[in-house]
Amino acid sequence: MYTERRSVFPGAVVWQKTAAGGDAAILPDGCMDLIWMNGDVVVAGPDSRPYLTRSRDGDRYVGLRCSPGTLPDLLGTPAEELTNLRVPLAEVLTDRVTTEFLGRIADDADPGRALEEFARSRSPAPRAAAGRQDPRDRATSGAADVRP
Numbered sequence: 036m037y038t039e040r041r042s043v044f045p046g047a048v049v050w051q052k053t054a055a056g057g058d059a060a061i062l063p064d065g066c067m068d069l070i071w072m073n074g075d076v077v078v079a080g081p082d083s084r085p086y087l088t089r090s091r092d093g094d095r096y097v098g099l100r101c102s103p104g105t106l107p108d109l110l111g112t113p114a115e116e117l118t119n120l121r122v123p124l125a126e127v128l129t130d131r132v133t134t135e136f137l138g139r140i141a142d143d144a145d146p147g148r149a150l151e152e153f154a155r156s157r158s159p160a161p162r163a164a165a166g167r168q169d170p171r172d173r174a175t176s177g178a179a180d181v182r183p
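In this text, residue positions in the sequence shown follow the working numbering: the first is 36, and each later residue adds one.
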């Protein structure tokens, strides 16, 4: 069973899956995820090919899927370093930060909410507030200077 909802963290969705067991292929979508699974948080890098995964019946996963470019900013790690990988959060961030977060998410009845709060706590100041506009924002919003 799979469900997802819009996240309170901009440009992200929270998803949950209870596995039926067996093998599955996760298709590339350009996104990166933080995934709560088996008592740990894993960073799923962007995929350039299908990622093959194996699960047991009843395995539960909760993830925060972030739009392209978001998670590298939050983690301070270029997406290229995580392409086609699944790595424990502790390999990307300091042990202290990871240990504190794992303690919070383990005690939270809603791991999805904990993932969202973690992302919000690491979010840099909005680009507009810094006095500059990221050209990706204008290009993706269709807000190019077009006059009638």
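Where a beta carbon is used, it is the ideal one built from N, C-alpha and C, also for glycine.
So, with DSSP's three-state summary, where would you put R121? strand
Just to check, is the beta-carbon of D75 closer than 7 Å to a non-hydrogen atom of the ligand HEM? As for the ligand HEM, it is missing from this structure, which has no ligand bound.
Please list the segments of the beta strand (DSSP E) lying wholly inside the region 85-134, counting only runs of 3 or more residues, in order along the chain. The qualifying runs are 86-101, 121-123.
With DSSP run on the structure shown, which of helix, strand or coil describes G147? Helix at G147.
Give a yes or no on whether the C-beta atoms belonging to G98 and D68 are separated by under 8 Å. yes
Compare the Cα-Cα distances from N119 to each of P107, E152, D108, G80 and report the closest residue. G80
Whole-angstrom Cβ separation of V78 and L137, contact assumed at under 8 Å? Wrong, their Cβ atoms sit about 13 Å apart, outside the cutoff.
How long is the line joining the alpha carbons of P107 and Q51, rounded to whole angstroms? 22 Å
Hey, V49 and I140: beta-carbon distance below 8 Å or not? Pairing V49 with I140 gives a Cβ-Cβ distance that is not under 8 Å.
Pop quiz: G56 and R91 are said to be a contact at Cβ under 8 Å. What is the actual Cβ separation, rounded to whole angstroms? 5 Å
Chain-order list of residues whose beta-carbon lies under 6 Å from that of S102 (same chain, five-residue window excluded): Leaving aside the five residues that flank S102 on each side, the residues in its chain whose CB is nearer than 6 Å to its CB run, in chain order, G46.
Between the Cα of P85 and the Cα atoms of G74, I61, L128, which residue gives the shortest distance? I61
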